[in-house]
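K.L.:
Position 349 (the sequence shown) corresponds to 349 in UniProt numbering; numbering is contiguous.
One structure coming up, written as structure tokens, with questions to follow.
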Amino acid sequence: MMAKSISCQCICFFLSVVFIFVNLISCHNNKIELRHENHVALFIFGDSLLDNGNNNYISTILDFRANFWPYGETFFNYPTGRFSNGRLIPDFIAQFAGLPLIPPYLKPGNPEFRNGVNFASAGAGALLETHQGLVVDLGTQIKYFKKVETSLRQELGVAKAKNLLSKAVYLIGIGGNDYLTKNSTVVSNEEFVSMVIGNLTLAVKEIYKKGGRKFGFMEMMPLGCLPYIKAQNGGCCINGITQFAELHNSGFPKALNELKEKLNGFEYAHYNFFESVSERLNNPSKYGFKDATACCGYGEGRGVYSCGGKRGVTEFILCENPDDYLFFGAYHFSEKAYQQLAKLMWSGTIDIVWPYNFKTLFQANDQMF
1 MMAKSISCQC ICFFLSVVFI FVNLISCHNN KIELRHENHV ALFIFGDSLL
51 DNGNNNYIST ILDFRANFWP YGETFFNYPT GRFSNGRLIP DFIAQFAGLP
101 LIPPYLKPGN PEFRNGVNFA SAGAGALLET HQGLVVDLGT QIKYFKKVET
151 SLRQELGVAK AKNLLSKAVY LIGIGGNDYL TKNSTVVSNE EFVSMVIGNL
201 TLAVKEIYKK GGRKFGFMEM MPLGCLPYIK AQNGGCCING ITQFAELHNS
251 GFPKALNELK EKLNGFEYAH YNFFESVSER LNNPSKYGFK DATACCGYGE
301 GRGVYSCGGK RGVTEFILCE NPDDYLFFGA YHFSEKAYQQ LAKLMWSGTI
351 DIVWPYNFKT LFQANDQMF
């Protein structure tokens, strides 16, 4: 009798453990499903300010690559293809959103697209002609996105893919290279800016057709005040180049208003990149920088584009602490600067990012807009 009683107790105990284990698995699966339902992916289109390594995998020149030392020296401890000493704006936005680092689209292997993907290419423009043949222009980036959309439909099914794409946030930052390389006198500056904005608008419409509804835009920064430009002008900004940025920043909000009127469910965050950079150029110490020049380069303000010594000019000077500088190289910001800018994009007030910030785009559901 004693043995039978012990055997019954063991069976009851075993069944209790199994019951608890099954319940734990069920709760865990429910939580996974909940996270999946609230999941918001991040898709990125742009140029070197956003490129996290796509140009490593195309046939191009070293002007449009950053896969050599000292790029990546402080965070990744190796060159990833990012034009900085560490992370870029998309890396921080992904971090704030609870996402892993978003992979470059062209990286070989079997990428996971459910979290999003980065299509940005250093040197790219909204216009096909900008550095044509050496970069992935905006139109081609959109073609790649369409391939991703097809892949997601095949993997998840039409309904789940549509849900993922409609909840995703689409970060777009491109146009600076178009303005920096404009040398034609055939069209006026105003007409040229309209061409760039027109191509940006077409890209948005193509993403919208595939289900995109939530967009984040970076306006132009004061292009004439880049270290590279200032180095050619005795350390002074060239206002004629910055005028392109001002024309763009004046015209693009009008294009966004038109999209808002025509595209049902279209929502966006528009980041005042110009003001954020101008503030730091004019008051670097206020934002923790010793200088508004570059950490890595040569000549006036280290504005010669020679960081790494592989772009024709072999001479370059590398600072001890990139965090002391607003820029890491002649065209691109330090990781510290990118982090500050990303924080403003994520949770900034309406005077710097409007009508919504990126945090709102990521956390909002359809009923909130």
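In this text, a Cβ means the ideal position worked out from N, Cα and C, and glycines have one as well.
Computed from a prediction, not measured in an experiment: that's the story for all the values here.
Contact defined as beta carbons within less than 8 Å: I believe Gly301 pairs with Pro227. What is the distance between those atoms, to the nearest angstrom?
P.N.:
5 Å
K.L.:
Report, in whole angstroms, the separation of the C-beta atoms of Ser84 and Ser334, which I expect to be a contact under 8 Å.
P.N.:
6 Å
K.L.:
Classify Asp63 as helix, strand or coil using the three-state DSSP reduction.
P.N.:
helix
K.L.:
Excluding the five sequence neighbours on either side, which residues of its own chain have a C-beta within less than 7 Å of the C-beta of Pro79, listed in chain order?
P.N.:
Ala66, Asn67, Phe68, Trp69, Tyr71 and Gly72
K.L.:
Per DSSP, which residues does Asn118 bridge with? Please list them.
P.N.:
Looking at the DSSP assignment, Asn118 forms a beta bridge with Ile44 and Pro104.
K.L.:
Within 8 Å, do at least three Cβ pairs link the stretch 253 to 263 to the stretch 182 to 202?
P.N.:
Judged by pairs of C-beta atoms under 8 Å, the stretch 182 to 202 touches the stretch 253 to 263, as three or more such pairs exist.
K.L.:
How is the alpha helix (DSSP H) around residue 373 delimited, first residue to last?
P.N.:
It is not possible to answer for residue 373, since the shown part of the chain is limited to 1 through 369.
K.L.:
Going residue by residue through the stretch 151 to 175, where are the continuous alpha helix (DSSP H) segments of at least 4 residues, counting only ones entirely within it?
P.N.:
158 to 167
K.L.:
Using the Cβ count rule (16 or more neighbours within 10 Å means buried), how would you classify Thr293?
P.N.:
The Cβ neighbour count for Thr293, taken over all protein chains shown within 10 Å, is at least 16; the residue is labelled buried.
K.L.:
List the endpoints of the continuous alpha helix (DSSP H) containing Glu191.
P.N.:
Asn189 to Lys209
K.L.:
Measure the alpha-carbon distance for Met220 versus Glu275 and round it to whole angstroms.
P.N.:
10 Å
K.L.:
Which term fits Lys31, buried or exposed, when burial requires 16 or more other beta carbons within 10 angstroms of its beta carbon?
P.N.:
Below a pLDDT of 50, predicted positions are generally treated as unreliable, and Lys31, at 35, falls in that range; the measurement from the model is reported next regardless. Lys31 should be labelled exposed.
K.L.:
So, under 8 Å CB-CB, Tyr144 and Phe113 are touching, yes? Tell me the CB distance rounded to an integer number of Å.
P.N.:
That belief does not hold up - the Cβ atoms of Tyr144 and Phe113 are roughly 11 Å apart, past 8 Å.
K.L.:
If I follow the unbroken beta strand (DSSP E) through Trp346, where does it start and stop?
P.N.:
Taken as a continuous stretch (DSSP letters only), Trp346 belongs to no beta strand (DSSP E), being part of the alpha helix (DSSP H) at Glu335 to Ser347.
K.L.:
For the alpha helix (DSSP H) containing residue 415, name the first residue and the last one.
P.N.:
Nothing can be reported for residue 415, as the shown portion of the chain is limited to 1 through 369.
K.L.:
Straight-line CA distance for Phe92 to Ala342?
P.N.:
6 Å
K.L.:
On the three-state DSSP scale, how would you describe Leu318?
P.N.:
strand
K.L.:
Could you check where the alpha helix (DSSP H) with Phe273 kicks off and where it finishes?
P.N.:
Phe273 to Asn282
K.L.:
Rounding to the nearest angstrom, what Cα-Cα distance links Val304 and Phe358 in this structure?
P.N.:
34 Å
K.L.:
Looking only at DSSP bridge pairs, what is Lys214 linked to?
P.N.:
Val169 and Glu267
K.L.:
In whole angstroms, give me the CA-to-CA distance for Ala337 and Pro284.
P.N.:
Ala337 and Pro284: Cα-Cα distance of roughly 10 Å.
K.L.:
May I ask you to report which of helix, strand or coil DSSP gives Cys225?
P.N.:
Three-state DSSP puts Cys225 in a helix.
K.L.:
Which residue marks the beginning of the alpha helix (DSSP H) containing Phe113, and which one marks its end?
P.N.:
From DSSP, Phe113 is part of no alpha helix (DSSP H); its letter is neither H nor E.
K.L.:
Measure the alpha-carbon distance for Lys214 versus Leu101 and round it to whole angstroms.
P.N.:
20 Å
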